[in-house]
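Below is one structure; the comments refer to it alone.
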Amino acid sequence: MRGFFVLLAPGWIPTVKSYLYGPFFYTMQITKNSVVSFHYTLNDPEGQVLDSSAGREAFAYIQGHSMIVPGLEVQLEGRKAGETLVAIVPASEGYGEVDPSLVHKVPVDRFGGAQVEPGMQFQAGEDGGMGVFTVIAVESGEVVLNGNHPLAGVTLHFNVEITDVREATAEELAHGHVHGAGGHHH
Ligand SMILES: [Zn+2]
Numbered sequence: 010m011r012g013f014f015v016l017l018a019p020g021w022i023p024t025v026k027s028y029l030y031g032p033f034f035y036t037m038q039i040t041k042n043s044v045v046s047f048h049y050t051l052n053d054p055e056g057q058v059l060d061s062s063a064g065r066e067a068f069a070y071i072q073g074h075s076m077i078v079p080g081l082e083v084q085l086e087g088r089k090a091g092e093t094l095v096a097i098v099p100a101s102e103g104y105g106e107v108d109p110s111l112v113h114k115v116p117v118d119r120f121g122g123a124q125v126e127p128g129m130q131f132q133a134g135e136d137g138g139m140g141v142f143t144v145i146a147v148e149s150g151e152v153v154l155n156g157n158h159p160l161a162g163v164t165l166h167f168n169v170e171i172t173d174v175r176e177a178t179a180e181e182l183a184h185g186h187v188h189g190a191g192g193h194h195h
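For the sequence shown, counting from 1, position 162 maps to 171 in this note's numbering; every step adds exactly one.
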């Protein structure tokens, strides 16, 4: 047994816990500073797929650093690798409610003769900050611009499969992002 402990690097403390408390092995729970990898499908309430990690690397983030929408982060707290869950996130805990003051009508001649069509996006100043505005209509010589996030006001339905949970390294915490699979490679 002595050799077992000598071989442990400090990062392997969870394994010690597993030996002490777990009948099989200790699986790390998601908590602040966990690096969490997961696959997901995001649907709107009508079941339409808005986004999915299918066919891509699992998405990886650091828990407790507002790197994903707050309502999903809260529902992942305490979960473990291998778990699946359905997380229903109201807009207020997702991409926010729709703010009508972010919808503007701008005369089409302000675009300098450029062809403006619904779906086009522009960066524009809004109360001192820069935001992304999406053209939602062109009508009667006016362009209707929406500065809300495209998913503002939408209740988000996430189907999540947690594939990995580990502790973030000091370097990852300093950089504010995940290194390796699903994260930065540098
Ligand atoms: Zn980095």
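Built from N, CA and C at the ideal position, the CB exists for glycine as well.
The beta carbon of His74 sits no closer than 7 angstroms to any heavy atom of ligand 1. For Leu154, the enclosing beta strand (DSSP E) begins and ends at 151 to 155. Around the CB of Ile39, 16 or more other CB atoms lie within 10 Å, so the residue is classed as buried. Not one heavy atom of ligand 1 is found less than 7 angstroms from the C-beta of His166. Looking at the backbone, the Cα of Ile97 and that of Gly105 are separated by about 14 angstroms. Leaving aside the five residues that flank Val153 on each side, the residues in its chain whose CB is nearer than 6 angstroms to its CB run, in chain order, Lys114, Ile145, Ala146. From the listed residues Gln84, Ile71, Lys41, Gln130, the smallest Cα separation to Pro159 is found for Gln130. Minimum Cα-Cα distance from Leu182 among the listed residues Asn42, Thr36, Val163 corresponds to Asn42.
By a beta-carbon distance limit of 8 angstroms, Arg88 contacts Leu94. Their separation comes to about 7 angstroms. The beta carbon of Thr143 is closer than 6 angstroms to those of Gln130, Asn155 in its chain, skipping five residues each way along the sequence. When secondary structure is reduced to three states using DSSP, Gly80 falls in the helix class.
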